[in-house]
Amino acid sequence: MPQAFVSHHPAILHKLTRLRSKETETVAFRRLVKELAMLLAVEATQDLETRTKTVQTPLATCQGMEISQRVALVPILRAGLGMVDGLESLLPWAEVWHLGFYRDEEKLQPVSYYNKLPEGEPADCCLLLDPMLATGGSAIAAVDAIKKWGAKDIKFLGILGAPEGVKALNMAHPDVDIHLCGLDDHLDERGYIYPGLGDAGDRQFNT
Ligand code: PRP
Ligand code: URA
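Sequential numbering of the sequence shown, starting at 634, is according to my numbering.
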């Protein structure tokens with residue numbers, strides 16, 4: 634049985650339905666991707682580590698908390714770019730590192746074209762961002778690259794997944810948690826998530 638955390642939050646379900654609609658045009662589509670990414674990130678990052686921090690309020694000294702982990706956002710170009718804004722609303726100090734993959738539409742295999750992950754000390758927590766988890770090939774290749782950097786705590790955040798992609802990512806990287814706004818029925822004969830939302834890159838970038 635494929636393992637993924639699939640949100641049941643009413644606001645996510647509502648926005649996801651708007652996103653799927655073919656009536657939703659680029660401007661609204663982009664806004665929805667950003668909002669869904671932010672809401673999903675709240676659910677996916679509940680276990681970030683914190684430490685106590687003392688601050689002075691106008692009235693008294695108060696013991697609060699601050700996030701103690703170095704967090705990296707790793708969007709997969711192109712479509713993952715639209716999720717970065719949403720994540721930055723939640724974690725404005727996070728590092729951002731880009732990975733570029735496109736999917737060969739005949740073989741459905743990921744083709745790498747950009748990787749500028751740095752050398753040296755990896756972030757404590759890497760949030761891999763891509764709205765679509767279809768065959769899982771792009772996500773698996775991206776996790777391979779992030780692990781090569783040395784990162785250990787990696788989570789995949791996506792808007793829609795197919796059972797085939799969840800299963801493939803679970804098998805290749807069982808230590809990577811998968812967080813989705815929705816899990817669809819299957820992949821169609823072209824490798825598209827069905828019923829899905831179509832091509833996430835084209836709909837965001839009006840191409
Ligand atoms: C889409 C999507 C994922 C990939 C998912 O990217 O954003 O990266 O396909 O498919 P997979 O799970 O079968 O690998 P696409 O290749 O369309 O590139 P784009 O984001 O540049 O449009
Ligand atoms: N990429 C997309 O943009 N949509 C799909 O349904 C599958 C891969």
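From the three backbone atoms N, C-alpha and C, an ideal C-beta is built for every residue, glycine too.
Remember, it's a predicted structure, so these values are computed and weren't measured experimentally.
Between the options, which lies nearest to residue i when the distance is taken from Cα to Cα?
i, options, result
"Ala784", "Ser640, Ala705, Thr657, Glu656", "Ala705"
"Ala670", "Asn803, Arg823, Leu646", "Leu646"
"Gly697", "His819, His641, Thr687", "Thr687"
"Ala674", "Met765, Asp817, Lys788, Arg663", "Lys788"
"Glu676", "Ser745, Leu720, His819", "Leu720"
"Val744", "Ala772, Trp726, Pro755", "Ala772"
"Leu816", "Glu822, Pro828, Arg836", "Pro828"
"Trp730", "Pro708, Leu741, Arg823", "Pro708"
"Leu766", "Glu739, His819, Asp777", "His819"
"His806", "Asp777, Gly753, Glu658, His642", "Asp777"
"Asn839", "Lys648, Phe662, Thr650", "Phe662"
"Glu797", "Lys781, Asp786, Ile826, Leu790", "Ile826"
The alpha helix (DSSP H) with residue i in it runs from where to where?
i, result
"Arg663", "659 to 677"
"Glu797", "796 to 805"
"Gln837", "833 to 838"
"Pro708", "Run containing Pro708: none in the alpha helix (DSSP H); it sits in the beta strand (DSSP E), 704 to 710."
"Glu699", "Taken as a continuous stretch (DSSP letters only), Glu699 belongs to no alpha helix (DSSP H), being part of the beta strand (DSSP E) at 694 to 700."
Under the criterion of a Cβ to heavy atom distance below 8 Å, does residue i qualify as lining ligand 1?
i, result
"Thr576", "With the chain covering 634 to 840 only, the question about residue 576 has no answer from this structure."
"Ala661", "no"
"Leu649", "no"
"Met804", "no"
"Gly834", "yes"
"Leu816", "no"
"Ala778", "no"
Confirm, please, whether the CB-CB distance from residue j to residue i is below 9 Å.
i, j, result
"Cys814", "Ser640", "yes"
"Ala775", "Phe734", "yes"
"Ala637", "Ile811", "yes"
"Arg664", "Leu830", "no"
"Gly715", "Lys667", "yes"
"Val717", "Leu681", "no"
"Leu723", "Thr683", "no"
"Pro755", "Ile779", "yes"
"Cys695", "Gln689", "yes"
For ligand 2, any of its heavy atoms closer than 8 Å to the Cβ of residue i?
i, result
"Tyr825", "yes"
"Ala637", "no"
"Pro796", "no"
Starting from residue i and walking both ways along the beta strand (DSSP E), at which residues does that stretch end?
i, result
"Gly733", "732 to 736"
Query raised in the report: If you pair each beta-carbon of the segment 801 to 810 with each one of the segment 745 to 753, do three or more pairs fall below 8 Å?
Result: no
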